[in-house]
Amino acid sequence: EKVDYLLIDGIRIFNHSLPNEFLVRGDQRVVSIAAASIIAKVVRDNILRDYHQRYPQYGFDLHKGYGTRLHKERLDEYGACEIHRRSFRPIIDQF
Numbered sequence: 077e078k079v080d081y082l083l084i085d086g087i088r089i090f091n092h093s094l095p096n097e098f099l100v101r102g103d104q105r106v107v108s109i110a111a112a113s114i115i116a117k118v119v120r121d122n123i124l125r126d127y128h129q130r131y132p133q134y135g136f137d138l139h140k141g142y143g144t145r146l147h148k149e150r151l152d153e154y155g156a157c158e159i160h161r162r163s164f165r166p167i168i169d170q171f
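Numbering-wise (my numbering), the sequence shown opens with residue 77 and increments by one.
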């Protein structure tokens with residue numbers, strides 16, 4: 077099925093050629109955005125579990141990449157690896 081309209085959770089941060097609507101707190105206002113948010117979180121958590129197999133020292137299976145105390149401690153101890161977002165504040169501070 078062809079996509080003809082985008083509903084995007086959050087503030088407008090980019091333009092798209094398709095008709096679209098950015099909704100602040102969209103996941104609280106639109107069921108399809110809420111469902112997509114849940115699916116995205118589950119997929120992301122599974123990806124981080126896989127990354128844990130490659131980088132067990134970081135504890136991705138525990139913090140799933142979120143900015144927890146454990147994640148920061150592991151970054152302080154081991155530095156950033158190739159999967160860390162360079163825009164994440166603790167990573168920026170390392171470079």
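Just so it is clear, CB atoms sit at the ideal spot from N, CA and C, and this is done for glycine as well. Just so it is clear, the structure is predicted and the values come from calculations on it, not from any experiment.
By a C-beta neighbour count over all protein chains shown, 10 Å radius and 16 as the cutoff for buried, is residue i buried or exposed?
i, result
"residue 147", "buried"
"residue 134", "buried"
"residue 136", "buried"
"residue 150", "buried"
Provide the residue span of the beta strand (DSSP E) that contains residue i, from first to last.
i, result
"residue 96", "96–99"
From which residue to which residue does the alpha helix (DSSP H) around residue i run?
i, result
"residue 80", "No alpha helix (DSSP H) holds residue 80; DSSP gives it neither H nor E."
"residue 115", "107–130"
"residue 153", "145–154"
"residue 139", "136–139"
My assumption, with CB atoms under 8 Å, is that residue i sits in contact with residue j. Please give the rounded CB distance.
i, j, result
"residue 84", "residue 102", "7 Å"
"residue 127", "residue 167", "Incorrect: roughly 15 Å between the Cβ atoms, too far for contact."
Inset, instruction - Spell out a yes or no on whether the stretch 85–98 and the stretch 121–131 are touching, meaning 3 or more CB-CB pairs, one atom from each, closer than 8 Å. - result: no
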